[in-house]
Each structure stands twice: as C-alpha cells, then as structure tokens.
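Shown next, in structure tokens, is the structure this report addresses.
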Amino acid sequence: MSPLNTGAYRLAAGLLLILALALALPAHAQQQTMDGDAIWQTLEDSNWVQDGADDADRIIYTFTDPNCPYCDQFREQAAPWIEAGRVQLRHIMVGIIKRSSTPKAATILGSEDPEAKLAENRKAYESGGIEPDEALVKEAEGQVRENNFLMRDLGARATPTTIYWDGNGELAAKQGAPRPREMPAIMGSQKPE
Numbered sequence: 010m011s012p013l014n015t016g017a018y019r020l021a022a023g024l025l026l027i028l029a030l031a032l033a034l035p036a037h038a039q040q041q042t043m044d045g046d047a048i049w050q051t052l053e054d055s056n057w058v059q060d061g062a063d064d065a066d067r068i069i070y071t072f073t074d075p076n077c078p079y080c081d082q083f084r085e086q087a088a089p090w091i092e093a094g095r096v097q098l099r100h101i102m103v104g105i106i107k108r109s110s111t112p113k114a115a116t117i118l119g120s121e122d123p124e125a126k127l128a129e130n131r132k133a134y135e136s137g138g139i140e141p142d143e144a145l146v147k148e149a150e151g152q153v154r155e156n157n158f159l160m161r162d163l164g165a166r167a168t169p170t171t172i173y174w175d176g177n178g179e180l181a182a183k184q185g186a187p188r189p190r191e192m193p194a195i196m197g198s199q200k201p202e
C-alpha cells in the first residue's frame, strides 16, 4: 500500500470514528448540536481518573483497561508531557480485556485516591497488576459498566482509545497505542526535554 493510500485510509478511519462518536451519543448529548463539544461534555461527565496536573494546558480522554498492555505503553509514551505539567490524561476506566479487568477498574475508580491506585496498577503491571478489593468492586462496578457502555456507544473498539482536540480545533480519536511520531499531535506539543 502506498503512503498516500495509508494516509487516506487513516483519515477515513478517523472520520468514521468521529461520525460513530457523533451518532452514538447518549440522549442528553443528542439534544445538543452533534458536534465535538457535545461529545467532549459526554466524556467529561463520565467516570474517569485524573492523571496529571490540575492546571495542565491540555486534557486528553483515554479509555483504559487495567489489563491492557497498549494502555500501559501509551501512558509511558505520555509520561514526559504529564511530568512537565503540559497534559492531563483522564482515564475512563473500562473492563473489557480479561475477567479481572472490571474488578481491577472498579477498585481503581472506587479507591480513596484513584490516581494513586492507577499508578500502583501501572507499577505492578508486569506482575499482574493490583488485586481487586471486593468492597470497592461492589461500590464502583456500576461505574465501570457505564464506562463500558459509553465506550461501545461511541464506537470505540480498542483500548486505549484516546480522544483529543487536534491542531485545527476538531475532535480527533486514536484507537490503539499511538506510534511515537503521532504523540506530538495528540499531546499538542513536541516532546518535552
């Protein structure tokens, strides 16, 4: 496949995702204009875990499964921007990969400090991640289910699915782990040194 065809394919796939996102909004968002702002508000209203500074220049939503190796890879790629205070990731925790995904996601969402629990899962990822806390699972499992439905309703089929505003002010999405060369566009700036 020629580079032009590959680029055209990516563009078409991206536009199809945005169209799917627009057509599959929950009822409260469908009453608004079907635009990026309505989709963004739907994401903002979901159950997510903050990862990065409160005053970061850029907010990026990403559907994250605690058992997803590509989610872990994406977080590692995003670390320089997060650590520089430029980007705040908002992890919309889902449970779709393994049977243990939903209990782990619920443990993260239901914990007293979800950001710290998410970081703990990342650190323990190679050895299987965190152990689910049954009390927290009972408390937050419904939030994970809501996120799973949101992911499905938005047409996302892979984790991570990352949604951000592009350089033209248009809502954009990337399914799967981005290639290193795609990171500056997603993060909104060149990699911090």
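Here the sequence shown is numbered in this note's numbering, starting from 10 and rising by one per residue.
Idealized CB from N, CA, C, for every residue including glycine.
Leaving aside the five residues before and after residue i along the sequence, list all residues of the same chain whose C-beta is less than 8 Å from its C-beta, in chain order.
i: Pro201; result: Pro89, Trp90, Glu92, Ala93, Arg95
i: Pro141; result: Ser109, Pro112, Lys113, Ala115, Thr116
With a 10 Å radius around its C-beta and 16 neighbouring C-beta atoms as the bar for buried, classify residue i as buried or exposed.
i: Pro75; result: buried
i: Arg84; result: buried
i: Ala133; result: exposed
i: Phe158; result: exposed
i: Lys183; result: buried
i: Leu25; result: For Leu25, the predicted model reports a pLDDT of 49, less than 50, meaning its position is unreliable and no value from the coordinates is stated.
i: Gln97; result: buried
i: Pro78; result: exposed
i: Ser136; result: exposed
i: Glu121; result: exposed
i: Asn247; result: Within the shown structure, residues of the chain are numbered from 10 to 202, placing residue 247 beyond reach of any answer.
How far does the alpha helix (DSSP H) with residue i in it reach, from first residue to last?
i: Gln50; result: 45-53
i: Leu159; result: 143-162
i: Lys123; result: At residue 123 the sequence reads Pro, which differs from the Lys that was named. Segment 123-132, the alpha helix (DSSP H) holding Pro123.
i: Arg166; result: Unbroken run through Arg166: none, as it is neither H nor E.
i: Gln86; result: 78-92
i: Pro75; result: Counting along the chain, Pro75 falls outside any alpha helix (DSSP H), and DSSP gives it neither H nor E.
i: Pro189; result: It is not in any alpha helix (DSSP H) - Pro189 carries neither H nor E in the DSSP assignment.
On the DSSP bridge list, what partners appear for residue i?
i: Trp174; result: Leu180
i: Thr116; result: Thr116 pairs with nothing; no bridge assigned.
i: Ile69; result: Leu98
Please report the residue range of the beta strand (DSSP E) in which residue i lies.
i: Val96; result: 96-102
i: Asp60; result: 57-60
For the ligand GDP, any of its heavy atoms closer than 7 Å to the Cβ of residue i?
i: Cys80; result: Absent from the structure shown: the ligand GDP. Ligands present: none.
With the cut-off set at 8 Å, would you say residue i and residue j are in Cβ contact?
i: Val103; j: Val153; result: yes
i: Thr73; j: Ile105; result: no
i: Asn189; j: Cys80; result: Per the sequence shown, the amino acid found at residue 189 is Pro instead of Asn. No, these two residues do not count as a Cβ contact at 8 Å.
i: Asn56; j: Glu148; result: no
i: Leu145; j: Ile48; result: no
i: Ile172; j: Leu52; result: yes
i: Gly197; j: Arg67; result: yes
i: Glu150; j: Asp60; result: no
Return the chain-ordered list of same chain residues with a C-beta closer than 6 Å to the C-beta of residue i, the five sequence neighbours on each side being excluded.
i: Gln82; result: Ala186
i: Pro193; result: Gln199
i: Gly45; result: Leu180
i: Lys126; result: Ile117, Ser120
For chain C, find out if any of its Cβ atoms is closer than 8 Å to the Cβ of residue i; answer yes or no.
i: Lys200; result: Annotation note: the requested chain C is absent from the structure, which comprises a single protein chain.
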